[in-house]
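Position in the sequence shown (first residue = 1) + 60 = this note's numbering. Backbone N, C-alpha and C fix where the C-beta goes; we use that ideal spot for every residue, glycine too. This report concerns only the one structure given below.
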Amino acid sequence: MAVFSQPGSGARFDWGLTGAAELGRVCAALVVVDVLSFTTAVEVAVGRGMRVHPFPWGEQAADYARRVGAVAAVGRRQTTPEHPWSLSPAALRAAPVVTDLVLPSPNGSAISAAASATGIPVVAACLRNARAVGRWLRAEGYGSTEAPVGVVAAGERWPDGSLRPCVEDQLGAAGVLDALSGVPGGLSVEAAVALAALACIPDVPAAIRGAVSGRELVEGGFADDVEVAVQVDVSDVVPVLHQGYFTAG
């Protein structure tokens, strides 16, 4: 049904792979938000000059990397001194720079890979670059009813594979929507509700540290990843997906 695409607004909001597919049918640009950790890792890697190839989570990522002449990132606990590239933003800040990095994940990367088939710009946003992403979109002319933007919070997954909406991605999406406030087409109701989360969270980094996903990473020994991810508006890097990989827009 057309109503699910939130018609008549310049900036729209939805969750997960299905929401991205719905907005991707009608929007002129998509923004993917996966704060812990895919889009934060993309921002870090692209900021260091790497081209990042999104890919769904699974063993086939290594085969794909070999085909395109890239390095495949591995799970956080699978890194070695010889292969330090993973979904960890903290690890990527210290790892050697490679030209092409395949960065698989079950959420943000899978959404980005699927969205690339739409042919529209797909932008990776996180807390670190949310305002820069909003500025870039406005400068490129997105945000009208004729050229709407879809902001997609990736979310996490329950053990049964179903979507688990999460605090960090809603707040990351809210940061982008805040930067889009005042676009000619206005915000959809869904986008306005997502944005409203900022008004009741006076300390965004503290909220993410204390929420389920942040605590999961901290308790798993990856507190450094959380600290990189909760830095707000510290980056002007705008990763845009083009020809199958993210580079600086």
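Practice prompt. Go ahead and label Ala214 buried or exposed: buried means 16 or more other beta carbons lie within 10 angstroms of its beta carbon, across all protein chains shown.
Written response: Reading the sequence shown from its first residue, position 154 is the one you call residue 214. Buried, because 16 or more other Cβ atoms sit within 10 Å of the Cβ of Ala214.
Discussion item. Restricting to runs no shorter than 3 residues, where is the beta strand (DSSP E) found entirely within the segment 110-166?
Written reply: 111-116, 160-165
Worksheet item: Would you say the segment 184-196 touches the segment 133-148, given that touching needs at least three Cβ pairs under 8 Å?
Response: no
Fill in: Contact between the segment 252-265 and the segment 106-121 (3+ Cβ pairs under 8 Å)
no
Worksheet item: CB Phe64 to CB Ala251, shorter than 8 Å?
Response: As a working note, residue 64 is residue 4 in the sequence shown. As a working note, residue 251 is residue 191 in the sequence shown. No. Outside cutoff.
Fill in: Segments assigned alpha helix (DSSP H), at least 4 residues, entirely inside the segment 210-297
227-240, 249-256, 264-270, 272-279, 283-289
Item to complete: Assign His302 to buried or exposed, taking buried as 16 or more other Cβ atoms, counted over all protein chains shown, within 10 Å of its Cβ.
Response: Here the question's residue 302 lines up with position 242 in the sequence shown. His302 should be labelled exposed.
Worksheet entry | Extent of the continuous alpha helix (DSSP H) to which Leu197 belongs | The count along the sequence shown starts at 1 and reaches residue 197 at position 137. Its alpha helix (DSSP H) spans residues 190-199.
Fill in: Identified DSSP bridge partners for Tyr305
On the sequence shown, residue 305 is found 245 positions in, with the first residue counted as 1. Tyr305 pairs with His302.
Practice prompt. Look at the alpha carbon of Ala271 and the alpha carbon of Val236, and state the distance between them as a whole number of angstroms.
Written response: In the sequence shown, the residue the question calls residue 271 occupies position 211. In the sequence shown, the residue the question calls residue 236 occupies position 176. Ala271 and Val236: Cα-Cα distance of roughly 20 Å.
Practice prompt. Could you check how far apart the C-beta atoms of Glu103 and Pro299 are, in whole angstroms? I think they sit under 8 Å.
Written response: Walking along the sequence shown from the start, residue 103 turns up at place 43. Walking along the sequence shown from the start, residue 299 turns up at place 239. About 6 Å separates the two Cβ atoms, so the contact holds.
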